[in-house]
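Notes to accompany the following structure.
Residue numbers (the UniProt record's numbering), protein chains in the order written: chain A, 1 to 100; chain B, 1 to 466.
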């Protein structure tokens, strides 16, 4: 089991509103789901495992409490796959302007 | 012990807001429904000189204005004889934080610091978060950005996740939520807990900050071409971009310049739906915000929204997601400018419009935005494909928001659609009067509605008696 130690950069999760307490104007499909929140910060607890309730110091200097869900959360977004439709678009435009 | 339940916090909304923006909106209220918009803008915001000085201090403004020579060549090629206006683009990606939003954030954050707030909070999934974070970093204020990011399976759009990364890069705390309007509840709780300034997009500071953009366009064009542009196109979502730009143009003297709004057409997708949330590739700049904010501006996170587009908009065009990706690729491949897709909504609309306008006319596309991982056509189309969206090259007329993204096969397939402004104005009037009748309103209210929708008092009376 992965463990975080005091001073680790971690992500915590909270349920802000359970599914049965969503606002009246929320569409049906959203109403079936809880409103969840994720916050990141520096772990205050000496050590903790995923799933435990912990406290963190956030970047704005707040102390937030929640369920530990990730240690060193990765920025997983990227540039994706080459998209053939974009490549073809570029080729067609270059041809159109006459500079092949 | 304070009541932190949903109802409890929402019940304290007005008091929390008053403490967090430092503006007493009540003093501007008039008649039954009216308020003095110009008085609010004049009393609360800063002068053009002051704003320019504030923005220079924090690396905002004075961005380049480029003519798009190669795109203009294609416009000529695909326009009827005598048609084909020239397009210029204002490279707002050059601002600190990479978008025009730095102009809004610069004034808000300066004001927060002046009033002695220790930090700023903004609710935004867009470029504004990075802008506030960047400005707060320079002014030495703490910063929290609250984002709507994920669906219920914690799947998030690459563009929003990139913005979270950027905010953290500037040292801001980022709070990420699943879909839903109750984001506002979390936002209010944070304002109450921290006592920070609400750097809302919709305060007079947030809107006046964009006036320098319109002002710069007018001055730069005057210097370069000896005249003001004939049309300026602004991407429209919450309304601040268009409102601020229009006000700046007017302040510079470019009173005859047509102000055109552009949004991506996302008809049929519900903005707060868990399922629809990831079926759109544009997180902002679309009709899901554009139409409601035009017809009901005060749905914002402050009592009176300073962004009021129907006061300024002469035309409202929509384009498809596929057309925007197409022109984004065009901007990179023909003009050597790699910029984020969301900023190019107005470029797509401008190309369509240029083909109808006379060849001696000038159109300015008033923004670009930074690009990067997640904020680029490739990751956004990869994400769309993974979500079951059908992507192909073809006729954009076939586009169905949430089901397909159709990239044009040819330049002449870029054709923006005109939204009926008259209908939007009628909808605005319906929204604002509710159950009231013409006889319930004071003169000041009728004049207010006339100003709000840029129509005569007689026309308003006609609309009201329907």
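Glycine residues also receive a C-beta, built at the ideal position from the N, C-alpha and C atoms.
- A straight-line Cα-Cα distance of about 6 Å links residue 164 of chain B and residue 174 of chain B.
- By the beta-carbon neighbour count (other beta carbons within 10 angstroms, threshold 16), residue 422 of chain B is exposed.
- Residues of the stretch 109-132 of chain B with a C-beta less than 7 Å from any C-beta of chain A: 119, listed in chain order.
- Around the beta carbon of residue 57 of chain B, a 10 Å sphere encloses fewer than 16 other beta carbons of the protein chains shown; the residue is thus reported as exposed.
- Beta-bridge annotation (DSSP): residue 178 of chain B is paired with B:150.
- Contact between the stretch 346-353 of chain B and the stretch 430-442 of chain B is not established, with fewer than three Cβ pairs separated by less than 8 Å.
- Contact annotation: residue 107 of chain B and residue 187 of chain B have beta-carbon atoms that are not nearer than 8 Å.
- Where residue 370 of chain B is concerned, there is no enclosing beta strand (DSSP E), because DSSP gives it neither an H nor an E.
- In its chain, beyond the 5 residues on either side, 55 and 212 have a beta carbon closer than 6 Å to the beta carbon of residue 61 of chain B.
- In the three-state reduction of the DSSP assignment, residue 51 of chain B falls in the helix class, which pools H, G and I.
- Along the stretch 48-75 of chain B, going in chain order, the ones with a CB nearer than 8 Å to a CB of chain A are 70, 73 and 74.
- In the structure shown, residue 341 of chain B falls within a coil segment according to DSSP collapsed to helix, strand and coil.
- In the three-state reduction of the DSSP assignment, residue 270 of chain B falls in the coil class, being assigned neither a helical nor a strand state.
- With respect to chain A, the C-beta atom of residue 162 of chain B has a partner C-beta closer than 8 Å.
- Under the 10 Å beta carbon count, residue 274 of chain B is surrounded by 16 or more other beta carbons and is classified as buried.
- Runs of the beta strand (DSSP E) lying entirely within the stretch 218-267 of chain B and spanning at least 3 residues, in chain order: 231-235 and 258-264.
- Against chain A, the beta carbon of residue 181 of chain B has neighbours under 8 Å at 23, 25 and 26, listed in chain order.
- Judged by DSSP in its simplified three-state form, residue 127 of chain B adopts helix.
- Residue range 377-386 is occupied by the alpha helix (DSSP H) that includes residue 379 of chain B.
- With a threshold of 16 other beta carbon atoms within 10 Å, residue 380 of chain B meets it and is buried.
- In the three-state reduction of the DSSP assignment, residue 188 of chain B falls in the helix class, which pools H, G and I.
- The C-alpha of residue 250 of chain B lies about 22 Å from the C-alpha of residue 304 of chain B.
- The beta carbon of residue 167 of chain B is closer than 6 Å to those of 129, 130, 133, 145 and 174 in its chain, skipping five residues each way along the sequence.
- Between the C-alpha atoms of residue 262 of chain B and residue 419 of chain B there is a straight-line separation of about 10 Å.
- Contact between the stretch 377-393 of chain B and the stretch 267-283 of chain B is present: 3 or more CB-CB pairs across the two stretches fall below 8 Å.
- For residue 83 of chain B, no alpha helix (DSSP H) run applies, since DSSP gives it neither H nor E.
- By the neighbour-count criterion, in which 16 or more other beta carbons inside 10 Å mark a residue as buried, residue 161 of chain B falls on the buried side.
- If you draw a 10 Å sphere on the C-beta of residue 72 of chain A, you find fewer than 16 other C-beta atoms in it, and that means exposed.
- With a threshold of 16 other beta carbon atoms within 10 Å, residue 157 of chain B meets it and is buried.
- Pairing residue 58 of chain A with residue 51 of chain A, the inter-Cα distance amounts to about 19 Å.
- Residue 3 of chain A counts as exposed, since fewer than 16 other beta carbons sit within 10 angstroms of its beta carbon.
- Using a Cβ distance threshold of 8 Å, residue 105 of chain B and residue 147 of chain B do not count as a contacting pair.
- Taking 8 Å as the threshold, the shortest C-beta distance from residue 83 of chain A to chain B falls below it.
- Assigned with DSSP and collapsed to three states, residue 391 of chain B falls in strand.
- For residue 66 of chain B, the enclosing beta strand (DSSP E) starts and ends at 65-67.
- For residue 3 of chain A, the enclosing beta strand (DSSP E) starts and ends at 3-5.
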